[in-house]
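Chains as they are written, first to last, in my numbering: chain H, 1 to 522; chain D, 1001 to 1522. The beta carbon of each residue, even a glycine, is placed where N, CA and C say it ideally should be. Bear in mind the structure is a predicted one, so any value in this text is a computation, not a measurement.
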């Protein structure tokens, strides 16, 4: 046959197969991609007129129209602006105004500032939320009380990209807040008046969503260096006045605790890490934010300096304290999925060893090696823990949703030494239970519990018990600790009555269901 | 039902669907990924013993065994070490020694140094090669003369990631040369004794190959910052003595021509670019390497300075000349798929506006916006051009393979002004033909031809002809130029006899077949 270049070519070539003839340079501008790959031609393109349809749109409303967003679809957001985010409300209010219904929000995290979503649950705009991070507040209460038409789904930070990559969580339209973006969709989180450091949780959305919209308040000349998410994944760009208030990123304690009891817990934790043999060259550490966690990091840092130890990496949500440790040479690098404060945000763009990582690289259990598998020591939070070391970070004693699994499951499963650090009493009640209200992190992945009453080692860790048996650490069994905590408690737990309504499905990081949250009665 | 966390959960939840119960933290460590996504759990993992199977293997041989490489499979390589590469030969000789047969090599490029592949074509180790870049030499000759059992396939730089992402080119095992790599597979091209700048052409391989092996001569402590290809995509790491000789990266002219005729061509080209209105703020330019191209860049740079113009970007294979232009503030950024010389290599790691881009971001016609679509001006090479402006960069006058399409098709299709720059005579023969020996880049995408005889504008570009009609540029039609070139020629073309054997299938960037190369007779 003769193709459009006027060349005689066969219709079939042995081993090569059937020949698709060239039909003109601009005739096959749409791909045959499956939805799991980056795809879809951005524009019709005519060489003759040299017209290219611009990606830059005038408004969120136009983006909603152009992406073809319809009733029932899934839209996604990332949470690096945390409680300072404006984009979720901005986009959802535009969706609400258009009268779209039954939207599924797949956000890596939502905060108090997202209270307007409660109204949208009630008026039918939103049917369901899937998330990995949530803070206590009106939205958490609304979920608890079954305001959403469908059960919400809580995933871990690694479970989310796992579900997206495996096609279990299909995103129709991803809206990505971009502190720095060019008109062709290259973006980063490090630069601009709303800089949030990194965009890690949005990487899977950018790669796998059917349509990707960047929302920016800092449109810069092409190219937006350093490029963190690149143009070939982005369909549209919308410029808005502000994507958020960076002052809302850091909240809660970002300095070491000064409370004597918490300092004592931090000291015991650091001693446990040291005596278990984890403070050595090449060690790695993740603590998250919070006063006691930072106090642990501080004390571990002092032991590292005293011993002349150089660690491999600090990871996770990064605070200024870890930036100091990097700059002091205590670690080779930091691997950052979320910059927790201004010092961490500033460090991302100036220190090449402060390295962004995707949520998949961080914690996806099904890829070729997540970072959490390399972690030596992880400091975990908990609202409750039971005698099998199962951890609850989702619900309070009364069944109210307070938080979600975040990186808790991921780091517990990966780290060599996963330590839950907590006071034994909260509101006068013991946090050590026969059975936790909700299981979020399975006990088989939790190695130790450190509280004001001492240190309990998971009996599955016979190696650790052997290693520590001749130390002066205040070891006791978790049953002993539970009994002491109950003696110390001002009140006894009252049983909570639940309805049969499931309000949250708590997934384990591999996508299986580890628990459900039912709506409290009354 | 009761799950492994001891929790009572339903078997089915309305809207959520069938419930997969949690069965233990380490029971679902393998993904259900399709082969088009990053996947496959790296290791079996036991929390109890804390054992994790290391990725670091002892040898290439062990990597071949562990990846399950078998007869007939496809292995891939990238070509940033160019003629200094040791990895292709090292891996293929190990495959040959193991007695594997009928291997398909999918390399982004191959060079003279890869002569051993000719022997492996003859002894049946290799059945076929798919590539985007090749230099004249023994391998090109072997392809010309049909030494491979199956026709080879030539793809453009954008066509290659397009085919990989769309699943048309399936890679069983990717071997990635890594100038800097840690034991967990994070790597970059910027650091180390064999630094090659960037690893752009390997990104699609890392993302989509079934198995990924990093081969490094610079194993560094974790994490290998800046991370260019990250650990979650990499199965194994092999340390070798040397991945190549960086002196083999730069070859051919890397300075502006001093030949008077070529300088005159460069001057006319720069004048054409200027008078066509493309030297203005926000302009972009790609020239590739080569003495005349660099002379064009130099002269365009001078005009930019004289006019006080600040450009948007320079792109493509990056030479020191473009680094100078970036450092002089003539461009906002450089977008680099291949660092052509030591100055470019050094710039990558020190200038954040010298930005690596993947081959897909560069040129894939089926993603959401490749960089080539933003190019204003592209300087193209050609071995022949015909009166319809069709370009041949693959074969010489006698049908011998000299090169491959590289970025020629991509940039011609994308750039607003794609200019072929060449002398009209090569070896005393005219390069302007009624029909080129092989069509690689379709004439409808080529806007102008500049030679020692003047400037011919593609008649499809009526806008350009109008724009230039009152200038003093030496315009003539391509037919006029062809006639003059033939008058000037020392010899006449002799018709070449071909067999029916197809030795190369030349794909257009969208995966269609634009031409085939047949084996010359005799």
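Report the rounded CA-to-CA distance for residue i versus residue j, giving the unit in angstroms.
| i | j | result |
| --- | --- | --- |
| residue 1335 of chain D | residue 475 of chain H | 58 Å |
| residue 494 of chain H | residue 382 of chain H | 19 Å |
| residue 1093 of chain D | residue 1062 of chain D | 14 Å |
| residue 359 of chain H | residue 368 of chain H | 13 Å |
| residue 506 of chain H | residue 148 of chain H | 16 Å |
| residue 327 of chain H | residue 1182 of chain D | 21 Å |
| residue 444 of chain H | residue 513 of chain H | 16 Å |
| residue 283 of chain H | residue 520 of chain H | 44 Å |
| residue 1323 of chain D | residue 1195 of chain D | 17 Å |
| residue 479 of chain H | residue 405 of chain H | 25 Å |
| residue 142 of chain H | residue 442 of chain H | 26 Å |
| residue 298 of chain H | residue 416 of chain H | 20 Å |
| residue 403 of chain H | residue 139 of chain H | 11 Å |
| residue 502 of chain H | residue 152 of chain H | 9 Å |
| residue 1490 of chain D | residue 1423 of chain D | 14 Å |
| residue 99 of chain H | residue 125 of chain H | 7 Å |
| residue 33 of chain H | residue 7 of chain H | Residue confidence is low: residue 33 of chain H scores 33 on pLDDT, short of 50, so the model does not pin down where it sits. No coordinate-derived value is stated. |
| residue 290 of chain H | residue 255 of chain H | 7 Å |
| residue 1069 of chain D | residue 1170 of chain D | 14 Å |
| residue 21 of chain H | residue 1516 of chain D | 11 Å |
| residue 338 of chain H | residue 227 of chain H | 17 Å |
| residue 1437 of chain D | residue 66 of chain H | 45 Å |
| residue 1510 of chain D | residue 1355 of chain D | 26 Å |
| residue 245 of chain H | residue 1154 of chain D | 51 Å |
| residue 1162 of chain D | residue 1366 of chain D | 7 Å |
| residue 414 of chain H | residue 389 of chain H | 16 Å |
| residue 1345 of chain D | residue 249 of chain H | 37 Å |
| residue 1217 of chain D | residue 1087 of chain D | 11 Å |
| residue 48 of chain H | residue 1401 of chain D | Only weak support is given to the placement of residue 48 of chain H: the predicted model assigns it a pLDDT of 35, under 50, and the value that follows is read from those uncertain coordinates. Residue 48 of chain H and residue 1401 of chain D: Cα-Cα distance of roughly 32 Å. |
Sort out for me which residues DSSP pairs residue i with in a bridge.
| i | result |
| --- | --- |
| residue 1421 of chain D | D:1450 |
| residue 97 of chain H | In DSSP, residue 97 of chain H forms no bridge with anything. |
| residue 1429 of chain D | D:1426 |
| residue 1119 of chain D | In the DSSP output, where bridge partners are listed per residue, residue 1119 of chain D has none listed. |
| residue 1018 of chain D | D:1012 |
| residue 1515 of chain D | D:1506 |
| residue 1392 of chain D | D:1384 |
| residue 69 of chain H | Residue 69 of chain H is not bridged to any residue. |
| residue 74 of chain H | H:104 |
| residue 263 of chain H | Partner(s): none; residue 263 of chain H has no beta bridge. |
| residue 26 of chain H | Looking at the DSSP assignment, residue 26 of chain H forms no beta bridge with any residue, so it has no partner. |
| residue 336 of chain H | H:316 and H:356 |
Check the Cβ-Cβ distances between residue i and every residue of chain B, and say whether any is below 8 Å.
| i | result |
| --- | --- |
| residue 278 of chain H | Absent from the structure is chain B; the protein chains it does hold are H and D. |
Round the Cβ separation of residue i and residue j to the nearest angstrom and send it over; I've been treating them as touching at under 8 Å.
| i | j | result |
| --- | --- | --- |
| residue 1464 of chain D | residue 1452 of chain D | With a Cβ gap of about 21 Å, residue 1464 of chain D and residue 1452 of chain D do not count as contacting. |
| residue 1083 of chain D | residue 1112 of chain D | 6 Å |
| residue 1473 of chain D | residue 1385 of chain D | Actually they are not in contact, since the Cβ atoms of residue 1473 of chain D and residue 1385 of chain D sit about 18 Å apart, beyond 8 Å. |
| residue 1234 of chain D | residue 1055 of chain D | 7 Å |
| residue 158 of chain H | residue 364 of chain H | 5 Å |
| residue 1160 of chain D | residue 1132 of chain D | 5 Å |
Checklist entry - What runs of the alpha helix (DSSP H), each 4 residues or longer, lie entirely inside the region 265 to 333 of chain H? => result Runs of the alpha helix (DSSP H) spanning 4 or more residues and lying entirely within the region 265 to 333 of chain H occur at 291 to 307 and 320 to 327, in chain order.
Item to check | Continuous alpha helix (DSSP H) assignments of at least 4 residues falling wholly in the region 1185 to 1249 of chain D | outcome: 1203 to 1208
Checklist entry - What residues from the region 226 to 237 of chain H come within 8 Å of chain D, judged by C-beta to C-beta, listed N to C? => result 226, 227, 230, 231, 232, 233, 234 and 235
Item to check | Near-chain H residues of the region 1489 to 1517 of chain D (beta-carbon distance less than 8 Å), N- to C-terminal order | outcome: 1502, 1505, 1508, 1510, 1511, 1512, 1513, 1514, 1515 and 1516
Item to check | Under 9 Å (Cβ pairs) to chain D, residues found in the region 4 to 26 of chain H | outcome: 4, 5, 6, 7, 8, 9, 10, 13, 14, 15, 16, 19, 20, 21, 22, 23, 24, 25 and 26
Item to check | Segments of 4+ residues assigned as alpha helix (DSSP H) that fall wholly inside the region 1354 to 1382 of chain D | outcome: Taking only runs of at least 4 residues, the alpha helix (DSSP H) segments lying wholly in the region 1354 to 1382 of chain D are 1359 to 1363.
Next on the checklist: My parser needs the alpha helix (DSSP H) runs of 4 or more residues fully inside the region 1112 to 1181 of chain D; what are they?
Outcome noted: 1116 to 1122, 1138 to 1144 and 1159 to 1165
Checklist entry - Which residues, taken in chain order from the region 356 to 367 of chain H, show a beta carbon closer than 8 Å to some beta carbon of chain D? => result Per Cβ criterion, the list reads 357, 358, 360, 361, 364, 365, 366 and 367.
Next on the checklist: Closer than 7 Å between beta carbons: that is the criterion. Which residues of the region 1306 to 1334 of chain D meet it against chain H?
Outcome noted: 1312, 1313, 1332 and 1333
Next on the checklist: To be precise: take each residue of the region 1130 to 1161 of chain D, compare its Cβ to all Cβ atoms of chain H, and keep it if any distance is under 9 Å. Which residues remain?
Outcome noted: 1149, 1150, 1151 and 1153
Next on the checklist: To test your reading of the DSSP string, which unbroken beta strand (DSSP E) runs of 3 or more residues are found completely within the region 449 to 482 of chain H?
Outcome noted: 454 to 457
Checklist entry - What are the residues of the region 432 to 464 of chain H that lie near chain D, defined by any Cβ-Cβ distance shorter than 7 Å? => result Within the region 432 to 464 of chain H, the residues whose Cβ lies closer than 7 Å to some Cβ of chain D are 439, 442, 444, 445 and 460, listed in chain order.
Next on the checklist: Give me the subset of the region 1180 to 1205 of chain D whose CB atoms are less than 8 Å from a CB atom of chain H, sorted by chain position.
Outcome noted: 1184 and 1185
Item to check | chain H contacts from the region 1086 to 1114 of chain D (Cβ-Cβ distance under 9 Å) | outcome: Under the 9 Å Cβ criterion, the region 1086 to 1114 of chain D contributes no residue.
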